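Enquirer: Numbering (my numbering), first residue to last: 620 to 1070. C-beta atoms are modelled at their ideal positions from N, C-alpha and C, and glycine is treated no differently. Keep in mind that this is a model prediction, so the values were computed, not measured.
(1) Within a Cβ cutoff of 6 Å, which residues of the same chain sit near residue 732, ignoring the five residues on either side of it in sequence?
(2) Considering only C-alpha positions, which residue in the set 672, 734 and 1062 is nearest to residue 990?
(3) How is residue 702 classed by DSSP in three states: helix, strand or coil?
(4) Looking only at its chain, what residues have a beta carbon closer than 6 Å to the beta carbon of residue 675, apart from the 5 residues adjacent to it on each side?
(5) Classify residue 616 as buried or exposed, calling it buried when 16 or more other Cβ atoms lie within 10 Å of its own Cβ.
(6) Output yes or no for whether 9 Å exceeds the beta carbon distance between residue 997 and residue 1040.
(7) Measure the C-alpha to C-alpha separation of residue 970 and residue 992 and round it to an integer number of angstroms.
(8) Who are residue 993's beta bridge partners in DSSP?
(9) On a CA-only basis, which of 1004, 712 and 677 is nearest residue 591? Give me that one, please.
(10) Spatial neighbours of residue 803 within its chain, please: C-beta separation below 6 Å, excluding the five flanking residues on both sides.
(11) Does the Cβ of residue 854 have 16 or more other Cβ atoms within 10 Å, making it buried, or fewer, making it exposed?
(12) Can you say whether residue 959 is buried or exposed, counting buried as having 16 or more other CB atoms within 10 angstroms of its CB?
(13) I need the straight-line Cα distance from residue 744 to residue 647, nearest angstrom please.
(14) Taking the Cβ atom as the reference point for each residue, do residue 889 and residue 870 lie within a distance shorter than 9 Å?
(15) In the DSSP assignment, find the unbroken beta strand (DSSP E) run with residue 819 in it and report its ends.
(16) Count the other C-beta atoms from every protein chain shown that fall within 10 angstroms of the C-beta of residue 948, then say buried if there are 16 or more, exposed otherwise.
(17) Is residue 635 helix, strand or coil by DSSP?
(18) Could you check what DSSP says for residue 803 in three-state terms: helix, strand or coil?
(19) Measuring CB atoms only, is the segment 658–665 touching the segment 636–643, in the sense that at least three cross pairs come out at less than 8 Å?
(20) Look at the Cβ atom of residue 967, then the Cβ atom of residue 977, and state whether they are nearer than 9 Å.
(21) Identify whether residue 848 lies in helix, strand or coil by the three-state DSSP scheme.
(22) Please report how far the alpha carbon of residue 624 lies from the alpha carbon of residue 656, in whole angstroms.
(23) Work out the CA separation of residue 1064 and residue 1027 for me, nearest whole Å.
(24) Of the residues 627, 628 and 640, which one's Cα is nearest the Cα of residue 864?
(25) Short check: CB of residue 919 to CB of residue 907, under 9 Å?
(26) Using the beta-carbon count (16 or more within 10 Å), is residue 1019 buried or exposed?
(27) My output table needs one value for residue 797: the three-state DSSP class, helix, strand or coil.
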């Protein structure tokens, strides 16, 4: 290939089951790119170049005129996974959109579809048929007949192609042109009767008029033609996808180990494996990523039970991640109350009016323990606990609280008691200000943190 120049269209394909939608390559060749229109394929799989040893590559080309070509590709670098194909002289002349598919066939009987993609071949101005506007006449009858037949064939091909893509607003025009074409075909049988240059000229003028009418109407069709303003609007539109084409989130299955630090593209994901650097308390995650420049946020939702949510941020240095922080939900704020076992001599206090003073305790999602209720009848002191809190409900250090005590025996004088809660879970009423009847009524209403 020395001393040859090519117009290269480079295509990089990642081979997996998540990138199989038809790829618009934006590649445009010209009908004058004879022997220079080259497609270069760079293939990668699992983050590495795909080796192309013991493999035969086939490129399927479906052209705008309906023809299909199946060609062998040239493997130019087996180690780096690079192959190429140069369109031949016949193929480059078939202008219009080309749909293509690259396939690999291995010698062990396996085969694989790499990717489907599209590119365009634009008709060069030098290949355009420009009809002269000046008056002319045809000297020979055979030449006239040949040109009219050629024009009729071109019109027929043009009508078939355009009716496939044009909208309803040009259907009437297509019908009229079809009628004119049929009229021209009928008149071909009468050409033997033409003997004058004037008659030949009239036939040529009719064909020119029909072609001009069709061209003018097509040029004036604002629905078919796109303005520069519309192109600019499309070019400025969002190009990155937040989900797959079918609306589903990007999936990371159980066969891999996902590193959450590498998921930095804005979008929605389902991580269905334990992974690394993920939330601390669950591993089946719906992940929302929002990025702007180097800064980004990750929000993780438990995908199985849906009861936990965490978030974290990556700082602008593109390296430092904050710790995962849990978001509390309404369910987290609900607590479960438990009734302790009262020690001997201590009893549940029930007032004469029947109101509820049940001794109970709970712990919320933030690790705050709350004790409620009232007791009576026991022995005061640190050696005779009212009850004992279980592990996980005990304070980080010993706590002292002041509660309401009965005023029986001291009418009209409010009384208090002192409660001790130890790190071993003992809940003791150490003393009471009511020395006349200290254990008639002793209430709890305390809160403390376990962590």
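Expert: Considering the structure as presented:
(1) 722
(2) 1062
(3) strand
(4) 724
(5) Any answer about residue 616 is impossible in this case: the structure gives the chain only from 620 up to 1070.
(6) Not a contact, by the Cβ cut-off of 9 Å.
(7) 11 Å
(8) 1062
(9) Because the chain in this structure spans residues 620 to 1070, residue 591 falls outside the shown range and cannot be described.
(10) Sequence-distant partners of residue 803 (beyond 5 residues in either direction) whose C-beta falls short of 6 Å from its own C-beta, in its chain, are 771.
(11) exposed
(12) buried
(13) 15 Å
(14) In terms of Cβ geometry, residue 889 and residue 870 form a close pair [threshold 9 Å].
(15) No beta strand (DSSP E) contains residue 819, which is instead part of the alpha helix (DSSP H) from 816–838.
(16) Per the 10 Å Cβ criterion, exposed.
(17) coil
(18) helix
(19) By the C-beta criterion, the segment 658–665 is judged not to be in contact with the segment 636–643, since fewer than 3 inter-stretch pairs fall below 8 Å.
(20) yes
(21) helix
(22) 10 Å
(23) 20 Å
(24) 640
(25) yes
(26) Under this definition residue 1019 is an exposed residue.
(27) Looking at residue 797 - three-state DSSP - the assignment turns out to be helix.
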